Amino acid sequence: MSKAEEAKKTITIENVVASTAIGQEIDLKSVTLALEGADYDPEQFPGLVYRTKDPKTAALIFRSGKIVCTGAKSIEDVDRGLKKVFKKMDSVGIKVDQNPEITVQNIVASADLGSVLNLNAIAIGLGLENIEYEPEQFPGLVYRLDHPKVVVLLFGSGKLVVTGGKKPKDAEEAVDRIVKELEGLALL
Amino acid sequence: RLRKWQRRIRVSNATERNLAFALSELDRMASALGLPRNIRETSAVVYRKAVTKNLIRGRSIEGVAAAALYAACRQNGVPRTLDEIAEVSRVSRKEIGRTYRFISRELGLKLMPTSPIDYVPRFCSGLSLKGEVQSRAVEILRQAAEKELTSGRGPTGVAAAAIYISSILCGERRTQREVANVAGVTEVTIRNRYKELAEELDIEIIL
DNA sequence: ACGTTACTTTCTAAAGC
DNA sequence: GCTTTAAAAAGTAACGT
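Respectively, the protein sequence lines represent chains B and C. Under this note's numbering, the first residue of the first sequence is numbered 14, with each subsequent residue one higher. Under this note's numbering, the first residue of the second sequence is numbered 5, with each subsequent residue one higher.
Right under this line is the structure:
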């Protein structure tokens, strides 16, 4: 089996960020008082923070009725988490459309290439103009891809992070390309 | 017609005033760090290029000047850490680092990551260590680079560890605390790096 | 010299300063 | 640009014991 196939098997989705909107304005003040565990400090941030334990997510609820859900480990968990948020809103007297459109905005995934990397050689090989590698500031090498449009963080251990994608397939394509480019340069 | 001329003169004056301020800022920081004239000139060149490409928009003159100085030190092979630049700047280390990344990319500076070797002469002189200790530290760092013991590690920490080992091997031992202070890293970092170097390079350290 | 916590980098939406 | 949220990677730092 190819190294690309092996690496793709190690992909783990670590965080999914999604946005949605209930079609209604919300009085965050009253919601804060009605929902236990709700954090709302308009001086600091205009959104109300509400956390769910299963799945573990954090929802940011805004006056406009727009909601951002972060922390889910899968797209399914985003839906489950938001369903719970909607139910809670409902129980507090806010009429919520139980099936609003949910848009995945960002997916963070990790993976393992299986062998250590020489980041210095990779920085030169992939081109200093396309890469950011400043070990004084951060141990990871930053590689921005155009297709798919994601950002990959490569580490000396061979592990990596792919972020910026909107679907699981973006991470797979990114790993595939990274492996092939590194193999082409004999750096993997 | 006349207004257009006045505007040009005004813009010109503002541009020249800003450039003069930036150059004096570069000079002030360079003096505080005791940097030689060639680096001050390099930093001025980098700053002028940034102005020519309109990279100052949305950024402070101090921030771009600090980033230009940081870049100039690296271009000349005598890097200062972001912490050292930040100490003589009014801008935060975080802001200098982000501005450096921006102008580096926009100006196509294509600088290689800082090598631990470039810190050896300065750190060694700060510890009053002789040339023999320096060359031995450099040799350790060359081997470390070949065995890929530097990927992702902070250059100053690796350099400090090599100097620590070298000082012991040469019979001019410096304590981890002394080396840590000169290199601007913690003793914990030196300990982690030197243990790794000693083991991977089969160097026996007898304390 | 441990252990723990926390900060560095990347991404993304939200409303408002 | 900033503010807040979540998450991983690995290095470094700063606490406390």
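Think of the CB as a built atom: it goes at the ideal place given N, C-alpha and C, for glycine as much as any other residue. No experiment lies behind these values; they were computed from the predicted model shown.
Q) At a Cβ threshold of 8 Å, is residue 146 of chain B touching chain C? A) With a threshold of 8 Å between beta carbons, residue 146 of chain B makes contact with chain C.
Q | Neighbouring residues, chain B, relative to residue 158 of chain C (Cβ below 7 Å) | A | Ordered by position in chain B, the residues that pass the 7 Å Cβ test against residue 158 of chain C are 148 and 149.
(Q) Against chain B, does residue 67 of chain C count as a neighbour if the rule is that its beta carbon must be under 8 Å from one of theirs? (A) Proximity of residue 67 of chain C to chain B, defined by a Cβ-Cβ separation below 8 Å, is not satisfied.
Q) How would you list, in chain order, the residues of chain C whose beta-carbon sits under 8 Å from the beta-carbon of residue 136 of chain B? A) Residues of chain C passing the Cβ test: 116 and 117.
Q. Exposed or buried, which one is residue 198 of chain B when buried takes at least 16 other CB atoms within 10 Å?
A. With fewer than 16 Cβ atoms within 10 Å of its Cβ, residue 198 of chain B is classed as exposed.
(Q) Between residue 168 of chain B and chain C, is the shortest Cβ-Cβ distance under 8 Å, so that the two count as touching? (A) Residue 168 of chain B counts as touching chain C.
**Q.** Min CB distance residue 152 of chain C to chain B below 8 Å
**A.** Interface with chain B (8 Å Cβ-Cβ cutoff): residue 152 of chain C is included.
Q. CB-CB under 7 Å to residue 126 of chain B, same chain, minus the five flanking residues each way: which ones, in chain order?
A. Closer than 7 Å at Cβ, skipping near neighbours: 20, 171, 173, 192 and 201.
Q | Opening and closing residue of the alpha helix (DSSP H) in which residue 69 of chain C lies | A | Run containing residue 69 of chain C: 65-79, per the alpha helix (DSSP H) assignment.
Q) Can the beta-carbon of residue 164 of chain C be found less than 8 Å from the beta-carbon of residue 189 of chain C? A) Contact: yes.
Q. Using a beta-carbon distance below 8 Å, is residue 105 of chain C in contact with chain B?
A. Yes, because at least one Cβ of chain B sits closer than 8 Å to the Cβ of residue 105 of chain C.
Q. Could you check where the alpha helix (DSSP H) with residue 185 of chain C kicks off and where it finishes?
A. Note, residue 185 of chain C: alpha helix (DSSP H), 180-187.
Q. By Cβ distance, which residues of its chain are closer than 8 Å to residue 229 of chain B, with the 5 residues on each side in sequence left out?
A. Past the edges of chain B, shown from 14 to 201, lies residue 229 of chain B, and the structure says nothing about it.
Q.
Given a cut-off of 8 Å on the beta-carbon distance, is the pair residue 159 of chain C and residue 148 of chain B in contact?
A. A Cβ-Cβ contact shorter than 8 Å links residue 159 of chain C with residue 148 of chain B.
**Q.** Beta-carbon separation (whole angstroms), residue 130 of chain C vs residue 186 of chain C, contact threshold 8 Å
**A.** By a beta-carbon distance limit of 8 Å, residue 130 of chain C contacts residue 186 of chain C. Their separation comes to about 4 Å.
(Q) Rounding to the nearest angstrom, what Cα-Cα distance links residue 152 of chain C and residue 71 of chain C in this structure? (A) About 29 Å.
Q. Curious, which full-length alpha helix (DSSP H) runs of at least 4 residues does the segment 14-84 of chain B contain?
A. Segments of the alpha helix (DSSP H) lying fully in the segment 14-84 of chain B: 16-22 and 41-47.
Q) Using a C-beta to C-beta distance shorter than 8 Å, which residues of chain C count as neighbours of residue 196 of chain B? A) The contacting residues do not exist; residue 196 of chain B stays about 18 Å from chain C at best.
Q) Should residue 11 of chain C go down as buried or exposed, given a rule of 16 or more other Cβ atoms within 10 Å for buried? A) The residue in question, residue 11 of chain C, is exposed, as its Cβ has fewer than 16 Cβ neighbours within 10 Å.
Q. Which whole-angstrom value describes the C-beta separation of residue 155 of chain B and residue 164 of chain B, a residue pair presumed to lie in contact below a C-beta threshold of 8 Å?
A. Residue 155 of chain B to residue 164 of chain B, Cβ: 6 Å. Contact.
Q: Check whether the Cβ atoms of residue 124 of chain C and residue 33 of chain C lie closer than 8 Å to each other.
A: In this structure, residue 33 of chain C does not lie closer than 8 Å to residue 124 of chain C by Cβ.
Q) Looking at C-alpha atoms only, which residue of C:36, C:81 and C:201 is the closest neighbour of residue 88 of chain C? A) The shortest Cα separation from residue 88 of chain C among C:36, C:81 and C:201 belongs to C:36.
**Q.** Which listed residue (C:69, C:60, C:63 and C:22) has its alpha carbon closest to that of residue 45 of chain C
**A.** Measuring from the Cα of residue 45 of chain C, the nearest candidate turns out to be C:69.
Q) Mind checking whether residue 85 of chain B and residue 24 of chain B have CB atoms under 8 Å apart? A) Taking 8 Å as the Cβ cut-off, residue 85 of chain B and residue 24 of chain B do not qualify as a contacting pair.
Q: Determine the extent of the alpha helix (DSSP H) in which residue 51 of chain C is found, giving its start and end residues.
A: In the DSSP assignment, residue 51 of chain C falls within the alpha helix (DSSP H) that extends over 41-56.
Q. When the cut-off is 8 Å and only beta carbons count, does residue 155 of chain C lie next to chain B?
A. Yes, residue 155 of chain C counts as interfacial toward chain B.
Q.
Between the segment 89-100 of chain B and the segment 52-72 of chain B, can you find at least three pairs of beta-carbon atoms closer than 8 Å?
A. With a cut-off of 8 Å on Cβ pairs, the segment 52-72 of chain B is in contact with the segment 89-100 of chain B, counting three or more such pairs.
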